[in-house]
Amino acid sequence: MLLLTLCLLGATNAHSFTCLDECECNTQDRSIDCTNNFRRKELHLPDIPMIGYAIIGLSNTDVKSLPPEDVLLEHFPDLLAIHIKSVPAFNCKTLKNKYRTITILSDCNHDPKWFSKPTKDCDSLCQVKSFFLRAFRLIKMKYKDMIKSVPFLELLHNMLVEMGHKVASFVT
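In case it helps, mature numbering (1 follows the signal peptide of the UniProt record, and there is no 0) puts the sequence shown at residues -16 to -1, 1 to 156.
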């Protein structure tokens, strides 16, 4: 979803082209969109390094694992994040203690619900407040990890926009 939002925001002035076995490379938002292709079993690596791409989207695919971080950085030197959500076949155990530079946005160790159902002890407003506190803690942790990266600030802005849309759809 995040990658889709990034692609739509930059579509007007972006240079997009097909790359990496049916992916869409976008030079404006510096993304490689390989989403929504259940025939995709792996991330194909380029023959020569692809410089300038910060995000790879692999959501809604059949990818089972990712290459090690050093291999990814060899082929994508500017890579900051991989978005690999809604991939039932993905083996979360392959992520343990491997990625320190690249942020992996996945469903691994993550409760897929954004909000809990309201209870008599915590109504809808309380649930929204709790969500934002959890999101703030996560953002603060990621910010500390990537504080010197300007592209991270762009990614953070887009994440906050996406969270705002999710909250708006929950409240209505």
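C-beta atoms are modelled at their ideal positions from N, C-alpha and C, and glycine is treated no differently.
query	result
When we look at the beta-carbon of Leu122 and count the other beta-carbons within 10 Å, is it buried (16 or more) or exposed?	exposed
Is DSSP giving residue 187 helix, strand or coil here?	Shown here, the chain extends from -16 to 156; a query on residue 187 therefore has no answer.
According to DSSP, is Phe22 part of a helix, a strand, or is it coil?	coil
CB Pro72 to CB Pro33, shorter than 7 Å?	no
Give me whichever residues DSSP pairs with Thr45 in a beta bridge.	Asn21
Alpha carbon to alpha carbon, what distance is there between Asp107 and Thr87?	33 Å
Using the three-state DSSP reduction, which class does His(-2) fall into: helix, strand or coil?	coil
Look at the alpha carbon of Ile68 and the alpha carbon of Ser(-1), and state the distance between them as a whole number of angstroms.	21 Å
Quick one: using the 10 Å Cβ neighbour count with 16 as the cut-off for buried, is Leu109 buried or exposed?	exposed
DSSP puts Cys9 in a beta bridge; with which residues?	Phe1 and Ile16
Going straight from the alpha carbon of Lys104 to that of Cys18, what length do you get?	43 Å
Of the choices Arg14, Ile66, Asp46 and Glu58, whose alpha-carbon is the least far from that of Arg31?	The residue you asked about is not Arg; residue 31 is Asp in the sequence shown. Minimum Cα distance to Asp31 is reached at Glu58.
Going by other Cβ atoms of all chains shown within 10 Å of its Cβ, with 16 needed for buried, is Pro96 buried or exposed?	Low confidence applies to Pro96: its pLDDT is 49, below 50, so where it sits in the model is not reliable enough to give any reading.
Output the distance between the C-alpha atoms of Met143 and Tyr37, rounded to the nearest integer angstrom.	18 Å
Measuring alpha carbon to alpha carbon, tell me which of Ser114, Leu139 and Glu138 ends up nearest Val151.	Ser114
Taking C-alpha atoms, which residue in Leu29, Lys101, Lys48 and His141 lies nearest to Cys3?	Leu29
Taking DSSP's pairing of strands, which residues face Ala65 in a bridge?	Ile39 and Thr87
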